[in-house]
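Student:
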Amino acid sequence: MEAEHRRILEEALSVEAESFAEAAARLRARTPPQSTDSALLIRKDRDRDHAGGNC
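Heads up, the sequence shown is in the working numbering, so the first residue is 102 and it goes up one at a time.
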């Protein structure tokens with residue numbers, strides 16, 4: 102069993118790791134373009150948090 106674990110670890114470590122930039126580009130290519138204004142998201146979050154009127 103130890104030999105199998107060692108083999109799995111060696112295989113995992115020997116594979117060329119994908120860089121963060123490559124992974125990000127791959128994920129961006131798989132998702133539709135996003136054009137949400139971040140200010141709008143912040144306002145919605147703020148309004149949701151303060152909707153109870155306890156402030």
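Note that the Cβ used here is the ideal one computed from N, Cα and C, for glycine as well.
Since the model is a prediction, treat every value here as computed from it, not as a measurement.
Give the straight-line distance between the Cα atoms of A124 and I143, rounded to the nearest whole angstrom.
Tutor: Rounded to whole angstroms, A124 to I143 spans 27 angstroms at the Cα level.
Student: Tell me the rounded alpha-carbon separation between A148 and D138.
Tutor: For the record, residue 148 in the displayed sequence is Asp; it is not Ala. So the two alpha carbons sit approximately 16 angstroms from each other.
Student: Which stretch, first to last residue, makes up the alpha helix (DSSP H) that contains A125?
Tutor: That run of the alpha helix (DSSP H) goes F121 to R131.
Student: Please confirm if S120 has its CB atom under 7 angstroms from at least one CB of chain B.
Tutor: Absent from the structure is chain B; it holds one protein chain and no more.
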